[in-house]
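Basically the working numbering = 1-based index in the sequence shown + 3.
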Amino acid sequence: MSPHLQLIAAEFRRQSTYRLALAAGVCTNGIFGLIRAGVLLAAVEGAGGTAGGYDARTALLYVLWGQALLGAIPMWGWNEIADRVRTGEIAVDLARPIDLQVYWWFRDLGRAAMQFLGRGLPILVLGSILLRVAPPAEPLVYLAGLVGLLLGLGINYLCRYALNLISFWTVETQGFQILYMVLVSLLTGFTVPVHLFPDWLKAIAEASPFPSMYQYPVDLISGRTIGAEVWSILGLQLLWLAILLVGTRVMTRLGTRRLVIQGG
4 MSPHLQLIAA
14 EFRRQSTYRL
24 ALAAGVCTNG
34 IFGLIRAGVL
44 LAAVEGAGGT
54 AGGYDARTAL
64 LYVLWGQALL
74 GAIPMWGWNE
84 IADRVRTGEI
94 AVDLARPIDL
104 QVYWWFRDLG
114 RAAMQFLGRG
124 LPILVLGSIL
134 LRVAPPAEPL
144 VYLAGLVGLL
154 LGLGINYLCR
164 YALNLISFWT
174 VETQGFQILY
184 MVLVSLLTGF
194 TVPVHLFPDW
204 LKAIAEASPF
214 PSMYQYPVDL
224 ISGRTIGAEV
234 WSILGLQLLW
244 LAILLVGTRV
254 MTRLGTRRLV
264 IQGG
């Protein structure tokens, strides 16, 4: 196996050891999914049957896929690199014969794969039964959704990676982590779909990379986004991925140049 596949497999095995956490995640996500489904259905019915382009079926699919992808596309912060910078263990990462950004990226792919299989699939199956909603039947929907999901995972990782790189310039990153969690919970469309935002807030969200990591992949894989709009969404995701990739490469280079490790 190549080193990259080994990293994916190792992180997949690491994540699979927390079986009780996976089971608890399925239970928690399932309960909150039912609550979210009820609230969104009430909003759709109160608006006369459609709201923000959602009808009852697409609203349920939005909730179902959103809850299934919650483990793979985390809405919370991640500070493992920042912790390693603070303790000096980052020296081990920088000494490895693999790029720092690539190393953590492939580990994140292994984490996402295990989280989707261990938490996402059970939620999809149970949710489809309880909510009585059938997934889209068109194969192209799943192809576009898979591409959008991989792009969303990349955008999500690069945002969290950039947040961790701040630790090269400051000792404490907790404030940045909290601010990120607030923004990502709102602007990704997780709490409320972006399509239901007032115009001013929707414009702010669409000018950020956050909908590209969650709202747009869910729209694609649930079949809400169809036709030419699919290509515009994928193009926007690619643009944000490129911007974040270049930005984090610059941050990595500048940060590692100024890093001083005690005793090294």
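We put the beta carbon where it would ideally sit given N, CA and C, even for glycine.
Going by C-alpha positions, glutamate 83 is about 10 Å away from tyrosine 164. Here proline 220 is buried: its Cβ has 16 or more other Cβ atoms, across all protein chains shown, within 10 Å.
Taking 7 Å as the cut-off, the beta carbon of arginine 256 is found no closer than this to the beta carbon of threonine 61. The continuous alpha helix (DSSP H) containing threonine 31 extends over residues 22-49. Rounded to the nearest whole angstrom, the C-alpha separation of leucine 247 and asparagine 167 is 14 Å. Annotated three-state conformation of alanine 137 is coil, per DSSP.
For tryptophan 203, the enclosing alpha helix (DSSP H) begins and ends at 202-209. Per DSSP, asparagine 82 lies in no alpha helix (DSSP H) and is assigned neither H nor E. The three-state reading of DSSP puts alanine 54 in strand, counting E and B together. Check the Cα spacing between leucine 43 and each of Pro125, Ile34 and Ala54: the tightest is with Ala54.
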